[in-house]
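Report on the following structure.
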Amino acid sequence: MADLYAEILIPQNIGKGQGTLTYKVPENLIKEVKIGSEVLIPLRSKKIKGTILKLNDKEPEFKTKGIIGMVGEKTYLQKWQIELVQWISDYYACPMYKCLEMFIPKRVLTKDRTGTEAIPEIIAPEIELLSPASNIHKLTPEQQEIFNKILDKKNRISLIHGITGSGKTEIYLQLAQHFTKQNKQALILVPEISITPQMTTYFEKIFSEKIAVIHSKLTSVQRKKAWKKILNNEAKVVIGSRSSLFSPFQNLGLIIMDEEHEFSYKQDQSPRYSTRDVIYKMSELLPDLKIVFGSATPSVETYFKAQNKEIVLFEMNKKIYEQPHPKVEIVDMRDEMKKKNYSIFSETLAENISQVLERNEQAILFLNKRGTSSAVICRECGYIEKCGYCDVAMTYHQADSKLTCHHCGFKKNPPTLCPSCKGVAIRFIGSGTEKVEEELHKIFPKARIIRADKDTTQKRESFKKIYNDFKSHKADILIGTQLISHGLHLPNVSLVGIMLADISLLFPDFRTSERTFQLLTQIAGRAGRIKRNHDIEDKVVIQTYMPENPILKSVQDYDYKEMYDFAINERRIANYPPFSKLIKLTFSHANEQECIKAIQRAKALIQENSRKEKLEILTYPSFIKKIKGKFIFNMLIKGASLTSEIVAPFQNIEGWKIDINPISTL
């Protein structure tokens, strides 16, 4: 029998290579080992696990040690998954051993490195049910037509652009049922852990015990049980956040990516992968894989692909139940100032809250800013109290009478005298969720008010209690941040107030228009959930100092296409995706001058190594210039066909971060 040698990837860094070592396969294992097998190998004085990447009978020129034995009875990684590990490593400029950690059971069955998989501000509690589950039923003619076309062999990748309540989930259910009947597995991706129980409840009605749930908040025991169900092909439907992409599927036939526009589908730690891009690669590796993206507000890039016939587009513009959208009213806060109304509540919003309370209904007030005041300022010299470790103004929290940095957590007492001029004209300016709550109690002293933000949802069960209390009408008004933007079914809410829409509009980023529309549309969707027993329509009140902004008009008209046309034109002019590719290179250091020098040296090196390519390279300090005592500078590289090779010299170098296709340039 010919000798056999294995190239084995180990889950640790062993130098500048990709982390592979060659071992001899002992005769007793030659018939057992396969590509993807986990094996036990000697490394120095230890025994470690590794994964076989390649097998060949060519004897290497150096002396090799032998494989000790197999780990487990089954192959955990299939050939396509090995290829996916290699692709993620190459595409995202990340060592293979780090990419492997997302796939191998040893890592998945203990504790995820990446932490909570959710958009900022979301604590991701495990909640049992966010909206009523619906039994599977006969599809409407529109749903049936979309279902049939998705199953057409030539339509491999589809986008369902459907408004809230249009019936996308019912199509998801029927598609999953179709593929599981063929003994194939279906993956249902959700952007946040908090939505997972809701989606699971929908699917349990049909699939019962054939469901596995994967996300980073599972205990080791829960994760191990789910992993084995998938590996043994007992789980036909897998529901989870982005990490569930790397489950040990045996016969994956369908991926549904719900709310595909959400930023939480982008990993913010190495490897900084985009779930959507990984799915596109999976479609190349698995020719029979069917992919469905779904959203009421699709990402501009995905909708652009659909407009250009790269993927199939299905539009669902009507709700299953003919419930109209709530009316959106835009209030110019400059006019309030002219009327000597200096309150954070416009007359229109205050009046609508009063009417809601009189009707014994409920209201949600949204402000994407925590705290009582945004900053402490001296009115004599203009001094602003900043964090000593971060380049940001500290926020005052009345609950503990402390100034808090929302980036590093540093706390201190507010000054009574100005540290700069020693004056006494210290004032708290701006408004956070605490301030909104304080003002509401003054205007509506009898109203029952609760607040949902990061400060009130630190404990595991806290959000669940807030949600249940509000749903059972133990409170009349819910004040919240992005935490309450979607995933909540609250039928008694007839008013949504957006305290200041300008916060998200002011970010100097190419995705600002898109993200603002998505966020405000989601918030607006908390009202108008059911038909009332009166003629007064549900309402959304948007307060702003920029009423002429075209994005706010698009939100008011519920017009995604209008927003898309505006955003795509902005990007075409400035050469941003989808008209270019981006790489963001970030360097951080305790010394600001070292940061500047390092970025300039990096820019010169990249320009030297890519003379033939037409690149646009921008260098600038991060939007928040200093965090946790370190200065941060960015380099943004734009090009028609960028690859990670251009930034390869900075891989695994202390202080540097590489982000391929970043969701933000800030």
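Numbered per my numbering, the sequence shown spans residues 324 to 989. Where is the CB? At the ideal position from N, CA and C, for every residue including glycine.
Report the partner residues of residue i according to the DSSP bridge assignment.
i           : result
residue 727 : 718, 734
residue 328 : 347, 379
residue 828 : In the DSSP output, where bridge partners are listed per residue, residue 828 has none listed.
residue 366 : 369
residue 391 : According to DSSP, which records beta bridges pairwise, residue 391 is partnered with nothing at all.
residue 510 : 561, 578
residue 595 : According to DSSP, residue 595 bridges with nothing at all.
residue 764 : Per DSSP, none; premise fails for residue 764.
residue 548 : Per DSSP, none; premise fails for residue 548.
residue 655 : 867
residue 685 : 816
residue 535 : 561
residue 374 : 332, 361
residue 935 : Paired residue(s): none; residue 935 is not in a bridge.
residue 801 : 687, 773
residue 604 : DSSP lists no partner for residue 604.
residue 821 : 689, 865
residue 853 : Answer is none; residue 853 lacks a bridge partner.
residue 504 : Looking at the DSSP assignment, residue 504 forms no beta bridge with any residue, so it has no partner.
Do residue i and residue j have their C-beta atoms within less than 8 Å of each other?
i           : j           : result
residue 680 : residue 770 : yes
residue 358 : residue 405 : yes
residue 802 : residue 838 : no
residue 408 : residue 671 : no
residue 342 : residue 353 : no
residue 925 : residue 958 : yes
residue 415 : residue 644 : no
residue 469 : residue 494 : yes
residue 806 : residue 776 : yes
residue 624 : residue 900 : yes
residue 582 : residue 513 : yes
residue 908 : residue 861 : no
residue 757 : residue 722 : yes
residue 706 : residue 751 : no
residue 391 : residue 369 : no
residue 648 : residue 622 : no
residue 571 : residue 420 : no
For the alpha helix (DSSP H) that residue i lies in, which residues bound it at each end?
i           : result
residue 845 : 835-847
residue 982 : Per DSSP, residue 982 belongs to no alpha helix (DSSP H); it is in the beta strand (DSSP E), 979-983.
residue 863 : From DSSP, residue 863 is part of no alpha helix (DSSP H) but of the beta strand (DSSP E) over 862-867.
residue 678 : 670-681
residue 896 : 883-897
residue 408 : 402-414
residue 474 : 464-474
residue 789 : 785-794
residue 425 : That residue, residue 425, is in no alpha helix (DSSP H); it is neither H nor E in DSSP.
residue 874 : 873-879
residue 971 : Segment: none, residue 971 is in no alpha helix (DSSP H) and carries neither H nor E.
Since residue i and residue j should fall inside the 8 Å C-beta cutoff, what is the C-beta to C-beta distance between them, to a whole number of angstroms?
i           : j           : result
residue 852 : residue 814 : 5 Å
residue 704 : residue 731 : Actually they are not in contact, since the Cβ atoms of residue 704 and residue 731 sit about 26 Å apart, beyond 8 Å.
residue 933 : residue 969 : 6 Å
residue 874 : residue 886 : 6 Å
residue 617 : residue 507 : Actually they are not in contact, since the Cβ atoms of residue 617 and residue 507 sit about 19 Å apart, beyond 8 Å.
residue 903 : residue 962 : 6 Å
residue 898 : residue 939 : 7 Å
residue 586 : residue 986 : 5 Å
residue 975 : residue 418 : 6 Å
residue 944 : residue 955 : 7 Å
Tell me the residue span of the beta strand (DSSP E) that contains residue i.
i           : result
residue 540 : Taken as a continuous stretch (DSSP letters only), residue 540 belongs to no beta strand (DSSP E), as it is neither H nor E.
residue 638 : 635-639
residue 908 : 904-912
residue 941 : 939-950
residue 581 : 575-581
residue 747 : Careful: residue 747 lies outside any beta strand (DSSP E) and carries neither H nor E.
residue 924 : First-last for residue 924: 915-932, but that is the alpha helix (DSSP H), not the beta strand (DSSP E).
residue 958 : 953-962
residue 774 : 772-775
residue 613 : 613-618
residue 481 : 480-485
Within the present structure, is the beta-carbon of residue i separated from the nearest heavy atom of the ligand NAD by less than 7 Å?
i           : result
residue 490 : The model on display carries no ligand, and the ligand NAD is accordingly not part of it.
On the three-pair Cβ rule with 8 Å, is the region 587-595 touching the region 518-537?
Counting Cβ pairs under 8 Å, fewer than three are found: no touch.
Tell me whether the region 474-482 and the region 534-547 touch, counting them as touching only if at least three CB pairs, one residue from each stretch, are closer than 8 Å.
Cβ pair count under 8 Å is below three, so no.
Using 8 Å as the Cβ pair cut-off and three pairs as the minimum, do the region 568-579 and the region 502-516 touch?
Contact between the region 568-579 and the region 502-516 is present, because at least three Cβ pairs lie under 8 Å.
The region 945-953 in contact with the region 714-731 per 3-pair CB rule at 8 Å:
Yes, the region 945-953 touches the region 714-731.
Cβ contact (3+ pairs, closer than 8 Å) linking the region 784-794 and the region 756-765:
As far as the Cβ criterion goes, the region 784-794 does not touch the region 756-765, which means the pair count is below three.
Is there contact between the region 358-367 and the region 375-388, where contact requires at least three CB pairs shorter than 8 Å?
Counting Cβ pairs under 8 Å, three or more are found: they touch.
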